[in-house]
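Undergrad:
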Amino acid sequence: MYLKSLTLRGFKSFASSTTMHFEPGITCVVGPNGSGKSNVVDALSWVLGEQGAKSLRGGKMEDVIFAGTAARAPLGRAEVVLTIDNTDGALPIDYAEVTLTRTMFKGGGSDYAINGQGCRLLDIQELLSDAGLGREMHVVVGQGQLDSILHATPDDRRGLIEEAAGVLKHRKRKEKALRKLEATENNLTRLADLLTELRRQLKPLGRQAEVAKRAVQVQADLRDAKARLLADDLVTAQSALDQELADETALRGRRAVVESDVAAARERELSLGEALRGDAPLLARAQETWYELSRLRERFDGTAGLAAERVRLGREEVEEEPANRDPDMLLTEAGQVREQERKLLGELGQRRTDLDAAVRERRRAEGAHAEEDRRRIEVGREAAGRREEQVRLDGQVQALRTRATAADDEVARLSGARADALARAERAHHDFTALENRVAGLDAGERGLDDAHEAAAAELADLEERLVKIRDEAQLAERERGALHARHEALLLGLTRKDGAGALLAATEQVSGVLGSVAALLTVRPGYEAAVAAGLGSAADAVAVEGIDSAVTAMQLLRADDLGRSDLLVSADVDVSADRSTPTGLPAGAVPLLGVVDAPASLSAPLGDLLGSTVVVESLAQAEALVADRPGLVAVTRRGDLLAQSWAAGGSTATPSLLEVQAAAEDAAERLAETSHVSERLRFDLSRLEEERADVRSRADAALAELHESDAAMAAVAERLGQLGGAARSAREEADRLAVAVTEAEQARDRDLSGLAELEARASAAEVSADDAPDLAELERLAELVRRARATELDARLALRTTEERSLATSGRADQLERAAAAEQADR
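Residue numbering for the sequence shown follows my numbering, beginning at 13 and increasing consecutively.
1. With three or more C-beta pairs closer than 8 Å as the rule, is the stretch 593–613 touching the stretch 625–641?
2. Output the distance between the C-alpha atoms of residue 827 and residue 346, rounded to the nearest integer angstrom.
3. For the stretch 365–377 against the stretch 796–804, are there 3 or more C-beta pairs whose distance is under 8 Å?
4. At the level of alpha carbons, what is the spacing between residue 133 and residue 197?
5. Considering only C-alpha positions, which residue in the set 67, 527, 311 is nearest to residue 582?
6. Identify every residue that forms a DSSP beta bridge with residue 17.
7. Going by beta-carbon coordinates alone, are residue 57 and residue 47 separated by less than 8 Å?
8. DSSP three-state label for residue 269, please.
9. Would residue 96 and residue 15 qualify as a contact pair, given that the criterion is a beta-carbon distance under 8 Å?
10. How many angstroms separate the CA atom of residue 706 from the CA atom of residue 698?
11. Out of 129, 647, 574, 754, point me to the one whose CA is closest to residue 80's CA.
12. Have a look at 650, 637, 651 and flag the residue whose alpha-carbon is nearest the alpha-carbon of residue 657.
13. Run through the stretch 386–431 for me and flag every whole alpha helix (DSSP H) of 4 or more residues, listed as ranges in chain order.
14. Measuring CB atoms only, is the stretch 634–652 touching the stretch 548–563, in the sense that at least three cross pairs come out at less than 8 Å?
15. Rounded to whole angstroms, how far is the Cβ of residue 92 from the Cβ of residue 23, which I believe are closer than 8 Å?
16. Quick one: measure Cβ to Cβ for residue 360 and residue 816, integer angstroms, because I've assumed they're closer than 8 Å.
17. Can you list, in chain order, the residues of its chain whose CB lies under 7 Å from that of residue 489, leaving out five sequence neighbours each side?
18. Quick one: what's got a C-beta closer than 7 Å to residue 612's C-beta in the same chain, skipping five residues either side?
19. Kindly give me the distance between the Cβ atoms of residue 384 and residue 794, rounded to whole angstroms, as I take these residues to be in contact under 8 Å.
20. Determine the extent of the alpha helix (DSSP H) in which residue 634 is found, giving its start and end residues.
21. Going by DSSP, which residues form a beta bridge with residue 131?
22. Can you check whether the CB of residue 623 is closer than 8 Å to the CB of residue 1?
23. Would you decide whether residue 460 is buried or exposed? Buried here means 16 or more other CB atoms lie within 10 Å of its CB.
24. Just to confirm my understanding: we take residue 139, look at its own chain, exclude 5 residues before and 5 after, and list those with CB closer than 8 Å. What are they?
25. Going by DSSP, what residues sit across from residue 77 in a beta bridge?
26. With burial defined as no fewer than 16 other Cβ atoms inside 10 Å of the residue's Cβ, what is the status of residue 107: buried or exposed?
27. Would you check if the distance between the CB atom of residue 605 and the CB atom of residue 648 is smaller than 8 Å?
28. Report back the beta-carbon spacing between residue 608 and residue 530 to the nearest angstrom; my notes put them in contact at under 8 Å.
29. Assign residue 236 to one of three DSSP states: helix, strand, or coil.
30. Alpha carbon to alpha carbon, how far is residue 160 from residue 130? Give it in angstroms, no decimals.
31. Under three-state DSSP, which class holds residue 115?
32. Following the continuous alpha helix (DSSP H) through residue 570, name the residue where it begins and the one where it ends.
33. Throw me the rounded Cβ distance for the residue 112 and residue 55 pair, which I believe falls under 8 Å.
34. Could you round the C-beta distance between residue 757 and residue 403 to whole angstroms and report it? I think they count as a contact, below 8 Å.
35. Give the range of the alpha helix (DSSP H) segment to which residue 581 is assigned.
36. Specify the secondary structure class of residue 527 as computed by DSSP and reduced to three states.
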């Protein structure tokens, strides 16, 4: 066994397809740094199943795909094909050559194949393990790997030896088989337990089944009557529900109106509060103006009184100025006047002190009044917000209390109904058990079936046999249909492209003019798929587009989005009625390749260019003779071998072409449709036979009923059993439904009570007390103090002014009197 060839396509630095042929012996790969020597070894490890990206000198597995250069676009997939010579039979497979293929797509998925047939990674690992290669790739010795083997632990060395000897594979298989056997043993034990339990349960059930069979009709009548009663109850309940819904709708409407009125009232309250707060400064300024005007009026009145007093005093002085007054009297009066001046000066100082005190008191009172007014406004705003919140919470609390009360009533009603249903079920079960024991005694004396019943039973057995046969045929047809469906889906999956062509077919919205894949657009005569695929070559995998512009756009998209490469078949506008020239004068058995292909008219011109000179023959010998006789033609066999004057292609076909896969998919679709038709027909026959069996079984039951018609006691007992069984089941079902309803109602009530407690706590916390209302009495008291302080200040000012006027009036009077006294003494 040795490596025969290695082909790399898009793997790391090998952008183009590169094939290396090896011979037995030692092969050296020589080249400068960066030429890709290590990439060859990585390709060997990768195709043999290596899963570690670091072992391949990369960060992730997608790094093995050619990433592109400045002169070449990146590729969408990487593929490595390794051919191993197996003439010595080292690999346990019946092939002289074994070809291993691994393909990695840009999306991250990997495909594996052995000799062109898709397989799993496990299949490749087991195949290589049988040859001693091993899944750990110890046959590929890289840098540092030898050192790790030399310094390995005993367990690691044992693993290497077992893998080299082929023991590890069998150990893994043994462990897997033991796990399966253990799971199977557990399943068998469980199955035996289930069978034992089922056999134990079937014994009493068999006796009950005979009794229950006789009560089927009675139970059917009971179910019908109960259904009618339930329907009537449903209609009544629906009517009540409709009425409740109508009432609820009306209440909701009324509630909406009330809530709208409340919201409007709140809005008005807020607007009035805002207006009040806006008018408060105006009111304060108006009060200040009133107080100032009052003070000025009082000052004016005082000044007028003072002026009148001074006029009066002036007149009295003029009248009291007698001539030749006594100097001593004048001096005495001057002393009195001077004493009066001193008293007025003292009184003037006191008046000024009183005025300063009154001003300070007035300012303090005004500050206290303003602070109290601000506090009142703030307290009013907060109280309004709390009142609004309290009203909302009170409404919610009331609603939850109503719902909780209704839930309590509902729980009580449902609990009572459940208790009543359980009592009825218990009574019915007790009576049913008593009658069942009586039926068991009567059943021992039953007679066999009469001729009519035997005939019906025989007919029923025949129908059963026919039903089994038809059912088996239907199951077989259904399995065949499932297999064909799976094959059709698999073939369609095989038609799904994962390269540049697949990307174009998926990007029809971005690229206009994409007609579809060539394989899907062509219709090939059965048996000629391989020949057409060989004649078309790479065009068989191409994508058809409408024109050169669409082709250029498609190639630009592939290059811009790094979607890989794709062949494009460009359609052309041609006259459909015009015949394209095909080879004539062909030997027997040879036909033009265009004659076995049907295609849309837009593809006639490009197909003519590709296949116009291609002829289909039966064998290579005929192809050789045809090319030798007519060198301008290309001969292709129906098996896909192609021969021309200057080139040829052929050999064994490992993978079917897209045309063959497309034809196989269409054939699978036709067979699937036929099988589906057969399956539908068998299901129809099966349904018809089941109806006949039901009819025959009904007649057999009727015959059996006639057989026991004379036994009135048994009929009465069976009827009673049916009634009691139905009543017991109905009562138990009703009790179960009521239990669920009670649980749901209790849960709803608990939720409401929990929410009610929380809302009550919040409502209590948000409750507005009388103390929270603004203290208007304190504000009025402070306003009264302001008014009094202002009046006191005004009085102090008037008193000061009066004293000042009196002091001014008396000033200089004593000097005048003294001068007058001196003048009188001088005159004497």
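A virtual CB, placed ideally from N, CA and C, is assigned to each residue, including glycine.
TA: So, from the data block:
1. yes
2. 7 Å
3. yes
4. 30 Å
5. 527
6. 33, 95
7. no
8. helix
9. yes
10. 12 Å
11. 574
12. 637
13. none
14. no
15. 5 Å
16. 6 Å
17. 687, 690, 691, 694
18. 533
19. 5 Å
20. 632–641
21. 124
22. What is shown of the chain runs 13 to 840, which leaves residue 1 out entirely.
23. Only weak support is given to the placement of residue 460: the predicted model assigns it a pLDDT of 49, under 50, and the value that follows is read from those uncertain coordinates. By the 10 Å Cβ count, residue 460 comes out exposed.
24. 103, 104, 105, 110, 126
25. 23
26. exposed
27. yes
28. Not really, about 15 Å apart at Cβ, beyond 8 Å.
29. helix
30. 35 Å
31. strand
32. 560–572
33. With 8 Å as the limit, residue 112 and residue 55 do not qualify as a contact, their Cβ atoms being about 11 Å apart.
34. Wrong, their Cβ atoms sit about 30 Å apart, outside the cutoff.
35. Premise fails: residue 581 lies in the beta strand (DSSP E), 580–582, not in any alpha helix (DSSP H).
36. strand
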